[in-house]
Structures are given as structure tokens and as C-alpha cells.
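Asker: Following the numbering used here, the numbering of the sequence shown begins with 126 at its first residue and continues without gaps. Let me give you the structure first, and then I'll get to my questions.
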Amino acid sequence: MRENFDICVIGGGVIGLSIAIHAAQKGAKVVIVEKGQLGQEASGGRAGLLTTVSEGSSEEHPYARLSREALQYLLHWIPELQSKTQISSGLVQQDLLRLSINHEETSILEDTFQLQSAANPGTTVLSAEKAREIEPLLSPHIQMAVRSPGEYHVDPVQYSHALAKMARKLGVTIKEQTEAVQLIQQNQKLHGILTNHNDQIRAKTTVLAAGAWSALLARWAKLKLPVYPLKGQIIVLKQGNIDLNVMINTSRGYILSKPNGTVVLGATNEREKFNKAITPKGLEQLLPLFDYVPELKRCEIQELWAGLRPATSDGQPIIGAVPEWEGFYLATGHTRHGVLLSGITGHLVTQELEMNKTPNLLNAFGFERFTAAGMR
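Laid out in C-alpha cells, this is it:
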């Protein structure tokens with residue numbers, strides 16, 4: 126079977142769904158091709174932290190700017206999604222405490238305070254005693270805390286459901302359990318894809334938003350895309366009588382209390398091949414998180430989860446047209462910030478496809494930065 130579309134999006138995670146929604150809102154005929162189910166990979170994580178990029182980045186770094194704009198975009202977009210789909214994304218605003226529990230962590234926290242305060246001007250240093258006044262469940266061994274007021278997190282699963290429902294309401298064609306197996310191309314012009322069902326999907330523009338699998342698919346166009354899978358393992362606890370007042374971030378990971386009655390501890394950063402197995406080695410890396418809130422050791426484990434995030438060689442997403450190709454676009458490599466960046470990625474990608482001009486916010490994130498460095 127042969128079908129024709131304006132835009133074919135490869136990948137049904139939060140990035141692909143957002144692009145499809147924004148394009149459909151502009152009147153484009155869009156199809157999403159997803160090898161499994163919508164939102165089942167990294168988009169189906171359990172944390173949904175919306176903290177902006179600041180660590181290791183100056184206030185004016187392009188990635189810091191993009192992430193700040195992304196947060197503001199998402200805070201307006203999520204209520205719109207809920208209004209139109211009747212699905213809550215579980216958006217929560219809480220203070221964030223960054224904690225240290227030994228001298229080494231305290232030194233790191235002191236060094237990064239300036240960057241944190243640039244990202245959130247209300248950020249302050251707290252004594253251990255003051256931190257325990259705010260959150261009595263903190264360990265007596267806490268040495269220092271940095272408080273950032275009014276940070277956010279969402280429920281990624283619910284957010285993905287809302288995006289999927291919105292896409293369907295807008296008439297986006299969704300093909301789950303459908304894998305792109307070949308590009309339909311001629312003379313550096315992409316005309317669409319061939320699927321594992323032997324169907325031709327023709328499109329004026331094909332957007333590769335396949336997360337950790339993007340590099341494998343890019344090989345069809347002889348592109349060496351520097352995207353690799355970064356596994357994250359997570360422990361989900363039943364909250365029980367534990368009620369945390371704040372989000373907690375440490376050098377070992379984060380602790381989040383969710384509206385659905387769970388507490389999420391995560392996440393590992395394991396560079397592996399396409400292996401989502403939950404392992405004792407990975408879970409062992411998360412056990413030190415209990416030292417910050419010892420009462421959590423009494424909670425029942427509800428779920429263990431692992432997913433593969435699309436990381437890049439320079440830690441930043443790849444968003445933009447493929448150089449020397451017509452009709453081929455990339456939107457991948459968002460690593461741990463996929464949910465945060467999803468809304469604005471869809472907005473800016475659609476804007477570029479419509480205007481045929483790269484938005485200023487995306488200038489630093491094109492694939493050209495790797496070709497210029499001889500990495501193609």
C-alpha cells in the first residue's frame with residue numbers, strides 16, 4: 126500500500142508526538158511511524174523532572190537559553206493539553222533541595238551554587254538545620270543544602286497519554302508496531318520510507334525522532350549520527366506514610382514524591398547498547414539515595430523501571446535539517462531533558478519547516494556542528 130503525507134515522523138515518543146501535534150495544528154497531513162507503542166521508551170520514564178540546564182553551562186549558553194524557554198513554553202502548553210484532552214499531566218510545582226552528605230559533595234555544591242542561582246534567582250544556601258526544618262525527613266548527616274524555589278515535575282506517562290490523545294484529535298495518522306526499514310530516496314532527496322509491512326509512506330518531509338535508535342536509522346542516509354543509548358534505571362516506591370515536601374537532588378540522583386502516591390528514585394547513567402535489563406549493578410548505584418532520606422527504606426517497592434535515553438557526544442540535542450539533503454530533518458538526542466524540551470522542539474521544528482528558516486533558538490543545535498568538526 127502507498128500513502129501520501131506532508132510530514133512523516135519516525136518515532137512516537139514525546140518529541141515525535143509534539144512535532145506531529147504542532148504540524149497538524151498548522152494544517153499539515155502528518156503520520157507517526159512507531160516500531161512499538163507510543164511513549165513506551167524513554168518517554169515512559171517515571172520522573173519527569175523539568176529542571177532547566179544550568180550545571181556546567183553559563184547563563185548565556187545556547188542550551189541554557191533553550192531550556193529556560195522550553196520550561197516557559199511547557200508551563201503554558203500543559204494546561205492547554207489538559208483542557209483539550211481531559212488528561213492531567215501531573216504537573217507539580219515544588220521547591221528543590223540540592224543536598225550534600227559529605228565534604229566532597231559540599232565542595233561541589235558550593236562550586237555550582239553560582240550556576241544554580243543564575244538559572245533560578247531565588248536560589249539560596251541553607252544550613253543543614255534549616256534544610257531539616259523545611260523537610261524533617263532528611264538525614265541528620267546532611268551537611269548543606271541549596272534551595273531553588275518553584276521548580277517543576279510532571280508524570281511522563283500521563284503526559285505521553287495526553288500527547289497521544291491530542292495527536293489523534295488533530296487527525297494525525299498513527300502507525301504503531303510499524304518499523305521504518307528503508308528510506309525512499311533519490312539524488313539526496315528523501316521521499317519517505319518503506320515499512321516492515323511493505324507499505325510505502327511518501328512524505329514531503331521525513332523527521333527522524335527515534336530517540337536512542339536514531340543513529341541506526343540515520344545510517345541509511347550514510348550519516349554517522351553521534352547518538353547512543355544511555356540507560357537509566359529507576360526505583361519506584363509506594364509512598365505509604367512518607368510525604369516529602371520538596372524535590373531532592375544529589376550527586377547520586379534525585380528523589381521525587383508524586384501525586385499518584387509513589388516516590389521515584391533515579392536514575393543511573395549507563396552507557397550500554399540496546400539493553401533495558403534491570404540489573405543489581407544498576408540498582409546498587411541508587412541505594413546511596415536512601416542515606417539522604419533514611420525513612421524511605423521502610424517503603425514498599427512498587428516498580429523497577431529502565432529505559433534508554435538518546436545521548437549525544439556533546440550532551441546537546443540535534444535539531445535541524447540534514448545538510449545536503451532535501452526533505453530530511455533530525456530531532457533527537459535530548460538525553461535526560463526530553464520531556465522538558467518536547468513542547469518547544471515541536472513548536473520550533475514546525476516553525477522551521479513552515480518558514481524554511483532556522484529559528485534563532487535552534488542555530489546551535491544543527492547536525493552541522495559535527496560535520497564541521499569532521500565527525501560525519
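Glycine included, C-beta positions come from ideal geometry on N, C-alpha and C.
Could you tell me which residues DSSP pairs with glutamate 493 in its beta bridges?
Answerer: Working through the sequence shown from its first residue, we reach residue 493 at position 368. BP columns for glutamate 493 are empty, so no partner.
Asker: Between glutamate 260 and the rest of its own chain, which residues show a CB-CB distance below 6 Å, the 5 nearest in sequence each way excluded?
Answerer: Walking along the sequence shown from the start, residue 260 turns up at place 135. Answer for glutamate 260: Asn370 and Val371, listed in chain order.
Asker: Enumerate, from N- to C-terminal direction, the unbroken beta strand (DSSP E) stretches of 3 or more residues contained entirely within the region 423-475.
Answerer: Qualifying beta strand (DSSP E) stretches, in chain order: 426-437, 443-446 and 453-457.
Asker: Roughly how many angstroms separate the alpha carbons of valine 447 and phenylalanine 453, rounded to a whole number?
Answerer: Taking the sequence shown and counting its residues from 1, one reaches residue 447 at position 322. Taking the sequence shown and counting its residues from 1, one reaches residue 453 at position 328. If you take the alpha carbons of valine 447 and phenylalanine 453, they lie about 6 Å apart.
Asker: Going by beta-carbon coordinates alone, are isoleucine 144 and valine 352 separated by less than 8 Å?
Answerer: Taking the first residue of the sequence shown as position 1, residue 144 is located at position 19. Taking the first residue of the sequence shown as position 1, residue 352 is located at position 227. No, Cβ-Cβ distance for isoleucine 144 and valine 352 is not below 8 Å.
Asker: Starting from the C-beta of alanine 489, find all residues in its chain whose C-beta is less than 6 Å away, skip the five residues before and the five after it, and write them out in chain order.
Answerer: Here residue 489 refers to the residue found at position 364 of the sequence shown. Same-chain partners within the cutoff: Pro187.
Asker: Cβ atoms of glutamine 427 and lysine 363: under 8 Å apart, would you say?
Answerer: In the sequence shown, the residue the question calls residue 363 occupies position 238. In the sequence shown, the residue the question calls residue 427 occupies position 302. In contact: lysine 363 and glutamine 427 (Cβ atoms closer than 8 Å).
Asker: Suppose you measure from the CA of histidine 228 to the CA of histidine 201; what does that come to, to the nearest Å?
Answerer: Position 103 of the sequence shown holds residue 228. Position 76 of the sequence shown holds residue 201. Distance between the alpha carbons of histidine 228 and histidine 201: 40 Å.
Asker: Please report the Cβ distance between glycine 336 and isoleucine 326, rounded to the nearest whole angstrom; I am assuming they are in contact, meaning their Cβ atoms lie under 8 Å.
Answerer: By one-based count along the sequence shown, residue 336 stands at place 211. By one-based count along the sequence shown, residue 326 stands at place 201. Not really, about 19 Å apart at Cβ, beyond 8 Å.
Asker: For alanine 287, report the span of its alpha helix (DSSP H) as first-last.
Answerer: The count along the sequence shown starts at 1 and reaches residue 287 at position 162. Start and end: 281-294.
Asker: Alpha carbon to alpha carbon, how far is proline 281 from arginine 171? Give it in angstroms, no decimals.
Answerer: The residue labelled residue 171 in the question sits at position 46 within the sequence shown. The residue labelled residue 281 in the question sits at position 156 within the sequence shown. Using only the alpha carbons, I get a separation of about 6 Å.
Asker: Per DSSP, leucine 222 is paired with what?
Answerer: Within the sequence shown, the letter at position 97 stands for residue 222. Answer is Arg272 and Ile373.
Asker: On the criterion of 16 or more Cβ atoms from any shown chain inside 10 Å, does histidine 322 qualify as buried, or is it exposed?
Answerer: Numbered from 1 along the sequence shown, position 197 holds the residue referred to as residue 322. Histidine 322 comes out exposed.
Asker: Along the beta strand (DSSP E) that carries glutamine 310, what are the first and last residues, could you check?
Answerer: Position 185 of the sequence shown, counted from the start, is the residue given in the question as residue 310. Its beta strand (DSSP E) spans residues 305-311.
Asker: So what's valine 418 in DSSP terms, helix, strand or just coil?
Answerer: Residue mapping note: residue 418 aligns to position 293 of the sequence shown, counting from 1. Three-state result, valine 418: coil.
Asker: What separation, rounded to the nearest whole angstrom, lies between the Cα atoms of glutamate 159 and glutamate 395?
Answerer: By 1-based counting over the sequence shown, the position of residue 159 is 34. By 1-based counting over the sequence shown, the position of residue 395 is 270. For glutamate 159 and glutamate 395, the distance between alpha carbons rounds to 25 Å.
Asker: Given a threshold of 16 other Cβ atoms within 10 Å of its Cβ, counted over all protein chains shown, does leucine 350 qualify as buried or as exposed?
Answerer: Counting from one through the sequence shown, the residue named residue 350 turns up at place 225. Flag for leucine 350 reads buried.
Asker: So, helix, strand or coil for glutamate 185, using DSSP?
Answerer: Counted from its first residue, the sequence shown places residue 185 at position 60. Residue state, collapsed to three classes: coil.
Asker: Verify whether the separation of the beta carbon atoms of leucine 333 and leucine 342 is less than 8 Å.
Answerer: The residue you call residue 333 lines up with position 208 of the sequence shown. The residue you call residue 342 lines up with position 217 of the sequence shown. Going by C-beta atoms, leucine 333 is nearer than 8 Å to leucine 342.
Asker: Does the beta-carbon distance from leucine 421 to histidine 278 come in below 8 Å?
Answerer: The residue you call residue 421 lines up with position 296 of the sequence shown. The residue you call residue 278 lines up with position 153 of the sequence shown. Their beta carbons are not under 8 Å apart, which means leucine 421 does not touch histidine 278 by this criterion.
Asker: Is the region 265-274 close to the region 240-254, with three or more CB pairs under 8 Å?
Answerer: Touching, yes, given that three or more Cβ pairs across the two stretches are closer than 8 Å.
Asker: Looking only at C-alpha atoms, which of Thr298, Ala244 and Leu199 sits nearest to tyrosine 284?
Answerer: In the sequence shown, residue 284 corresponds to position 159, counting from 1. Closest by alpha carbon: Leu199.
Asker: Can you tell which of Gln358, Trp338 and Gly491 has its C-alpha closest to the C-alpha of glycine 136?
Answerer: Mapped onto the sequence shown, residue 136 falls at position 11. The candidate whose alpha carbon is nearest that of glycine 136 is Trp338.
Asker: Just to confirm before moving on: does the CB-CB distance between phenylalanine 415 and leucine 455 stay below 8 Å?
Answerer: Walking along the sequence shown from the start, residue 415 turns up at place 290. Walking along the sequence shown from the start, residue 455 turns up at place 330. No, the Cβ-Cβ distance between phenylalanine 415 and leucine 455 is not below 8 Å.
Asker: Using 8 Å as the Cβ pair cut-off and three pairs as the minimum, do the region 303-318 and the region 222-239 touch?
Answerer: No: fewer than three Cβ pairs fall under 8 Å.
Asker: CB glycine 296 to CB alanine 402, shorter than 8 Å?
Answerer: Taking the first residue of the sequence shown as position 1, residue 296 is located at position 171. Taking the first residue of the sequence shown as position 1, residue 402 is located at position 277. No, the Cβ-Cβ distance between glycine 296 and alanine 402 is not below 8 Å.
Asker: Would you mind sorting serine 467 into buried or exposed? The rule is 16 or more other CB atoms within 10 Å of its CB.
Answerer: Looking up residue 467 in the sequence shown gives position 342. Buried, because 16 or more other Cβ atoms sit within 10 Å of the Cβ of serine 467.
Asker: Rounding to the nearest angstrom, what Cα-Cα distance links glutamine 307 and glutamine 162 in this structure?
Answerer: Numbered from 1 along the sequence shown, position 182 holds the residue referred to as residue 307. Numbered from 1 along the sequence shown, position 37 holds the residue referred to as residue 162. Going from the Cα of glutamine 307 to the Cα of glutamine 162 covers about 20 Å.
Asker: Grab the span of the alpha helix (DSSP H) containing serine 143 for me, first residue to last.
Answerer: Working through the sequence shown from its first residue, we reach residue 143 at position 18. Per DSSP, serine 143 belongs to the alpha helix (DSSP H) from 139-150.
Asker: What does DSSP give as the partner residue(s) for phenylalanine 130 in the beta ladder?
Answerer: Counting from 1 along the sequence shown, the entry for residue 130 is found at position 5. In the DSSP output, where bridge partners are listed per residue, phenylalanine 130 has Ala328.
Asker: Please report the straight-line C-alpha distance between arginine 293 and lysine 209, rounded to a whole angstrom.
Answerer: Here residue 293 is taken as the residue at index 168 of the sequence shown, counted from 1. Here residue 209 is taken as the residue at index 84 of the sequence shown, counted from 1. Rounded to whole angstroms, arginine 293 to lysine 209 spans 12 Å at the Cα level.
Asker: Thinking just about the alpha-carbon of each residue, which of Thr483, Glu479 and Gly463 is nearest to the one in aspartate 131?
Answerer: Working through the sequence shown from its first residue, we reach residue 131 at position 6. Nearest option by C-alpha distance: Glu479.
Asker: Counting along the chain, where does the beta strand (DSSP E) carrying serine 242 start and finish?
Answerer: Along the sequence shown, one-based indexing puts residue 242 at 117. Here serine 242 belongs to no beta strand (DSSP E); instead the alpha helix (DSSP H) covers 228-244.
Asker: Going along the chain, which residues of its own chain have a beta-carbon closer than 6 Å to the beta-carbon of arginine 344, five neighbours each way excluded?
Answerer: The count along the sequence shown starts at 1 and reaches residue 344 at position 219. The answer is none, since no qualifying residue turns up.
Asker: Ignore the nearest five residues each way along the sequence and tell me which others in serine 376's own chain have a CB closer than 6 Å to its CB.
Answerer: Numbered from 1 along the sequence shown, position 251 holds the residue referred to as residue 376. Closer than 6 Å at the Cβ level, and outside the excluded window around serine 376, lie Glu230.
Asker: Roughly how many angstroms separate the alpha carbons of phenylalanine 291 and leucine 240, rounded to a whole number?
Answerer: Along the sequence shown, read from residue 1 onward, the residue named residue 291 stands at position 166. Along the sequence shown, read from residue 1 onward, the residue named residue 240 stands at position 115. According to the sequence displayed, residue 291 carries methionine and not phenylalanine. Cα to Cα, the separation comes out at about 36 Å.
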